[in-house]
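Q: If you read the sequence shown in this note's numbering, its first letter stands for residue 534, the second for the next number, and so on.
Here it is, the structure, as structure tokens.
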Amino acid sequence: DYYIKAPMKRKESTAIDKNDIILGKRLGTGGFGTVFKGELKEEKGGRTPIIIKKAKEFGEAEVWMNERMSRVPGSHCAEFVTAFDESLNVPLPEGAGGRAAGAPAAPTWSGGVLDSGAIWLVWYYEGDSTLMSLMEKRDFPYNLEPLLFGRELRAPRGPVRELVTIKEAMRQLLTAVAACHANGIVHRDIKPANCIVSTRDKKLKLIDLGAAADLRIGINYVPNEYLLDPRYAPPQQYIMSTQTPRPPPKPVAAFLSPVLWAMERPDRFDMYSCGVTMVQMIFAHLRNDNNLIAFNKRLQELRWDLSSWRKEEEAKLASGATKAALADSLAAGFEALDADGGAGWDLLTKLMSYKPSDRPSAAEALAHPWLTSAPGRAADMQR
Ligand code: ADP
Ligand code: MG
């Protein structure tokens, strides 16, 4: 395997700083900072491919979320290496990443000096493909097969084989999301561009925890300050209703949060985004940004009633008013969702429900017949 897993010993014994990192190509600038490819110089002279994010704002919160998730077994997020303050060029002390909303900087960290410099976050490089970059290619979902199954499936190309891969991608996404939720973390930016399809582990993992909220201690729980991606955000936009008071300081919040969690179902925010991700995997035309925006706009006009949208599209299809490529995508998508007694349609409409309480949790979605009943697993494609 090309990708060498760096020994964990190094991470614990010698702290990594700026001098150990060779910055490479800039991959992009997002809402939370600039991302680079790079290399980590190893003690024995080797070099490990890494990803570096120089965070503008909220870097501390992203460090916190990554530290939290890196302790959860099963590698559900890209593997986090370390983080340090650029201006000081020293690693962040363990646990300094997080800060409760409105609370002063962690006293362990030289009196708020942290605010001055950019924070560098470092992950192991997990490969070139996100679910989005794969969906943008014509041979989706076939281009996912080697990444998820380690090989191409043997069945003839067609809807049955495509569904096997799409279901597996959904299963892996929901597994990662369930792991976040089980640890009190709501991601808030679930979308295909934030799903890395790891070549190191041959699985889908979450990235970009910059907008995530830790509800157990109130970190990053400042919903109104965030610009959420409107293409994937649920109708409510915010995790909790505006009536919900801001969380009190740490000790009280730790006590209260489970109650708020049960009352308001903040995890269902991510579930809507999982639904939009599913809709894009199912309908080829919705992988196009303009089409997705138009779909969302129409859905809003229909008060987020997916069945009304379907009726409308089917009426247009029947009257021959739909352009050929679009008609193909719609017909194939509805057919895929109607297979297995309509299990796909049932799950999708539940995930994209207007009311958060009508959406399944990630664990419930994983147990849905669409994802548990055969056929639908790679093993079914062997013969
Ligand atoms: P942004 O805030 O800019 O959206 P992300 O954390 O989503 O930052 O990273 C931006 C891009 O960098 C991703 O879409 C992906 O292409 C790439 N990337 C991020 N983390 C990794 C990783 N661990 N391995 C490989 N590529 C990554
Ligand atoms: Mg991103």
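Using N, Cα and C, we set each Cβ at its ideal position, and we do this for glycine too.
Keep in mind the model is a prediction, meaning the values are calculated, not measured.
Taking DSSP as the reference, what is the three-state secondary structure of ARG733?
A: Note: ARG733 maps to coil in three-state DSSP.
Q: Collect the residues with a C-beta less than 5 angstroms away from any heavy atom of the ligand HEM and give them in sequence order along the chain.
A: This structure simply doesn't include the ligand HEM; it includes the ligand ADP and the ligand MG instead.
Q: Any heavy atom of the ligand ADP closer than 6 angstroms to the CB of GLU659?
A: Yes, Cβ of GLU659 sits closer than 6 angstroms to a heavy atom of the ligand ADP.
Q: For the ligand ADP, I want to know if VAL719 counts as a neighbour, meaning its beta carbon is within less than 6 angstroms of at least one of the ligand's heavy atoms.
A: Checking the Cβ of VAL719 against the ligand ADP gives no.
Q: According to DSSP, simplified to helix, strand and coil, what is ASP762?
A: In this structure, ASP762 counts as coil in the three-state DSSP scheme.
Q: Looking only at its chain, what residues have a beta carbon closer than 8 angstroms to the beta carbon of PHE565, apart from the 5 residues adjacent to it on each side?
A: So the qualifying residues of the chain are LYS586, ALA588, LYS589, GLU590, PHE591, GLY592, GLU595, ASP741, GLY743 and ALA744.
Q: Can you list, in chain order, the residues of its chain whose CB lies under 6 angstroms from that of LEU680, leaving out five sequence neighbours each side?
A: Cβ within range, chain order: VAL730.
Q: Alpha carbons only, please: which of GLN769, TYR657, GLU695 and ASN824 is nearest the one belonging to SER890?
A: The residue with the shortest Cα to Cα distance from SER890 is GLN769.
Q: Could you give the residue range of the beta strand (DSSP E) that holds ARG580?
A: Run containing ARG580: 580 to 588, per the beta strand (DSSP E) assignment.
Q: Quick one: any contact between the stretch 690 to 706 and the stretch 570 to 585, if contact means 3 or more CB pairs under 8 angstroms?
A: No contact exists between the stretch 690 to 706 and the stretch 570 to 585.
Q: Mapping the DSSP letters down to three states, classify GLU572 as helix, strand or coil.
A: Here GLU572 sits in strand by DSSP.
Q: Does DSSP put LEU686 in a helix, a strand or coil?
A: Here LEU686 sits in coil by DSSP.
Q: With DSSP collapsed to three states, give me the class of ALA548.
A: Of the three classes helix, strand and coil, the one that applies to ALA548 here is coil, per DSSP.
Q: Just the Cα atoms here: how many angstroms apart are ASN676 and ILE583?
A: Approximately 23 angstroms, taken between the alpha carbons.
Q: For GLY644, which of helix, strand or coil comes out of DSSP?
A: Only weak support exists for where GLY644 lies, its pLDDT of 34 falling under 50; the coordinates are left without a value.
Q: Cβ atoms of LYS735 and LEU904: under 7 angstroms apart, would you say?
A: For LEU904 and LYS735, no; Cβs fall outside 7 angstroms.
Q: Spell out the partners DSSP gives LEU556 in its beta bridges.
A: Answer is GLY571, bridged to LEU556.
Q: At a cut-off of 6 angstroms, is LEU560 close to the ligand ADP when judged by its beta-carbon and the heavy atoms of the ligand?
A: Result yes, Cβ under 6 angstroms from the ligand ADP.
Q: Given that a residue counts as buried once 16 or more other Cβ atoms are within 10 Å of its Cβ, and exposed if not, what is GLY853?
A: GLY853 comes out exposed.
Q: For GLN776, is the classification buried or exposed, using 16 other Cβ atoms within 10 angstroms of its Cβ as the cut-off for buried?
A: Residue placement at GLN776 is poorly supported in this model, since its pLDDT is 47, which falls under 50; the coordinates are not used for a value here.
Q: Looking at GLY563 and the ligand ADP, is the gap between the Cβ and the nearest heavy atom below 6 angstroms?
A: Flag set: Cβ of GLY563 near the ligand ADP.
Q: Verify the contact flag: ILE750, CB atom, against every heavy atom of the ligand ADP, threshold strictly below 6 angstroms.
A: No - the ligand ADP has no heavy atom lying nearer than 6 angstroms to the Cβ of ILE750.
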